[in-house]
Amino acid sequence: MTCAKVNMGPLKSYRLYEEMVGGYSNVGCTSVEFKNSNRDLKAYAKGCDAQMILNNLFKKRELSNAFFFEYDTDEKDQLTRLFWADPISRRNYAAFGDVVSFDATYSTNRYNLIFAPFTRLDNHRRIFTFGSGLLSKEDTDSYAWLIGKFNECMGRQPLMIITDQDPGSKNAIERVLPSTRHRYCMWHISKKITERVPECKKAESSFRKKINEIIWSDVLEPVEFEKAWGDVITEFGLNNHTWLGKIFEVRQNWIPSYFRDDPLSGLLRTTSASESVNSFVDKFLNPCSNLVEFFMQYDLALEAQRHAHDELNSETKISIPTMKTPLPIKRHVMGLYTKRIFLEVQDEIAAACFTCRVLSICDDGLSCVYKIGDASNSTFDVVYDSTKDSYTCSCKKYVRMGLLCCHIFFLFKDKKVTAIPDKYILSRWTKNAIRNVSLSGENTFTEYDDPLDEHKSILGQLYFEFYHCVGVVDDDTETLRSIMLYLKDRREAASNKDTSCTSQSTKRRLFQNHLGAEDPDLVTIHPPPALVHNKGSGRRIKSAAEIAIENSKKTLRLCRKCNQRTTHDSQNCEKFVGGAN
């Protein structure tokens, strides 16, 4: 059953176990019994899996006041909405919850409930999850409920939230997060441009290149964007293109030019954060899972995500990156930021040293305006206000990213600044971003000690010690034999200690430990109706471009009808079908 946690089927689990114990004779059961254990596991939770997970969530909230969850039911007491976030997720939101990505995914459980994680970037620019929801419907009320619970849990609205163009989520955000800037996913829209505009499909056309240069630019002001857009549309005779006209009307919701003055608007421009999480958890989740299995697999995915974050923290502590410049400020930057962010900032410092240049200076006594040219042959104005000892650049990278640009670092070099002023150090990018989160009031982010978690931890340590011990004496047959005899004696002693346990009670206890949830004495909350239908539940209609890309990745086969290597065979050869007709 342990293998089932990572989506390994019973047959593969059986073969793996056979290899571990040294042969089929030592397995102690058949492959059919492996299959039956999976069947029995689902039968154990059938009809009460919703109650089981709610009981588990209630218990976690009792153990920690920072664990948050809310749920809703329909008139039949069937679970229809659920949101949850553990203490670590809430702490992470306090550190990194400035820009949020929100996107729904499907086929993660047997009830077709929509899985909707809230995600963002951490201080390593890696995706992190800080709360998730399950919904039975994709309407405005459901999304408003979920986003409202998310806001209640976290205690403050994000600066910006990124979604696709789903009208349900759009209306919900306007209702629940009035002070949050809503942004559409650029990737979804730019992808549709390729599909809907015929000029993009012409090999000789430069339309795609020109339009992408405009819509993805971070440096164009709104007026400049509108002029550039109009020029390209006119050049290719697309002034009457209906769909292009519609997306131009909502340009304030997706074009970077209209977000240049929004703090940290450059962190995320697409829902790739959510989609990356969805893709990641898909490796753990199973569309046939009941709700208890779903939560078990979700927790494993979250644990893997957090382990990756811890590994990056460790790498940041022990690694010493190669220095590109001799400037003293680089030492301060290296001690301040995580490795990934340091490398980005170091590139800006290197650009300040080797590619930036002063084109003109205008000083009025109080402030000084420097026109700085860079490697892209662009010119930006850096204003130094001596009364406030402040720097601002017209590229607005600090506003968009929370990191200083090469143009300001150029002035730092000129003024012999050896450390980034505190006012320009954004905590979310530093090594101590999470440690800097203040804890106060009842929402202290203390973790909880669940007895089942303790059992799992001890069991894991036992397995570790056993395999480590076997590995140490692997080439000593006598020592291996003595360990085997000792363990055999301990097993027999444990079996004789409590002869009152029936196989049924043993199996029940095994299921409880495996799922991390006890079977309820009373069921008041029922599972959702099976096979809830949502717009994303079925197979998505693929565009011609996607089909062409997929076909290009297929292994070519020899068609016996046309005698060519292609993606079809003799049964669906176009020449054969045409000849038959």
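Everything in the sequence shown is counted per my numbering, starting at 300 for the first residue and increasing by one. Every residue gets a Cβ at the ideal spot worked out from N, C-alpha and C, and that includes glycine.
Collapsed DSSP secondary structure at residue i in the structure displayed
i, result
"W553", "coil"
"W515", "coil"
"V522", "helix"
"M351", "helix"
"S564", "coil"
"T462", "strand"
"C499", "helix"
"C655", "coil"
"P309", "helix"
"I660", "strand"
"L881", "Given that the chain is displayed from residue 300 to residue 880, the structure contains no residue 881 and the question cannot be resolved."
"P416", "strand"
"F594", "helix"
"E777", "helix"
"T404", "strand"
"F366", "coil"
"I532", "helix"
"Y410", "coil"
"K714", "coil"
"G430", "strand"
"R380", "strand"
"I782", "helix"
"T621", "coil"
"H423", "coil"
"T890", "With the chain represented from 300 up to 880, any question about residue 890 goes unanswered, as that position is not in the structure."
"G321", "coil"
"H540", "coil"
"R482", "strand"
"T493", "helix"
"K670", "strand"
"T329", "coil"
"S468", "helix"
Environment of residue i [buried if 16+ CB atoms lie within 10 Å]
i, result
"D385", "buried"
"T533", "exposed"
"Y442", "buried"
"M783", "exposed"
"R859", "exposed"
"E647", "buried"
"Q645", "buried"
"I757", "exposed"
"S400", "buried"
"F763", "exposed"
"G346", "exposed"
"Y669", "buried"
"K714", "exposed"
"M595", "buried"
"N325", "exposed"
"K638", "buried"
"W542", "exposed"
Presumed contact (8 Å Cβ cut-off) between residue i and residue j, rounded CB distance
i, j, result
"W528", "F558", "With 8 Å as the limit, W528 and F558 do not qualify as a contact, their Cβ atoms being about 16 Å apart."
"D673", "T654", "6 Å"
"W631", "I719", "It is worth fixing the name first, because residue 631 is His in this sequence and not Trp. Indeed, because the Cβ distance is near 6 Å, the residues count as touching under 8 Å."
"H481", "K469", "7 Å"
"G467", "T439", "5 Å"
"F449", "G430", "6 Å"
"C484", "I461", "6 Å"
"M351", "D818", "7 Å"
"I479", "Q456", "The amino acid at residue 479 is misidentified as Ile; the sequence shows Thr. Rounded, the Cβ-Cβ distance is 5 Å, consistent with contact."
"L703", "T678", "That pair is no contact at about 18 Å."
Residue closest to residue i, alpha-carbon to alpha-carbon, out of the options
i, options, result
"E597", "D609, L584, H606", "The question names Glu, but residue 597 is Tyr in the sequence shown. Among D609, L584, H606, the Cα nearest to that of Y597 belongs to L584."
"L310", "N511, V331, N325", "V331"
"C328", "A342, S312, K341", "S312"
"A344", "L857, V822, R856", "V822"
"Q551", "G565, S756, P521, L563", "P521"
"R699", "D397, V320, G454", "D397"
"D684", "E494, C661, Q863", "C661"
"S613", "F506, C694, V681, N731", "N731"
"Y370", "S869, A471, P827, K616", "P827"
"L665", "D688, C499, D774, P562", "D688"
"F641", "T541, P497, T621", "T621"
"C652", "R455, F709, S675, E592", "F709"
"T428", "S388, M459, S693", "S388"
"W383", "I724, E610, G447, A394", "G447"
Sufficient close CB pairs (3 or more, under 8 Å) joining the stretch 423–434 to the stretch 337–346: no
Meets three-Cβ-pair contact criterion under 8 Å: the stretch 580–599 and the stretch 407–419: yes
Stretch pair the stretch 624–633 + the stretch 594–608: three plus CB contacts closer than 8 Å: Counting Cβ pairs under 8 Å, fewer than three are found: no touch.
Sufficient close CB pairs (3 or more, under 8 Å) joining the stretch 784–793 to the stretch 365–378: no
At least 3 beta-carbon pairs within less than 8 Å: the stretch 430–446 vs the stretch 767–776: no
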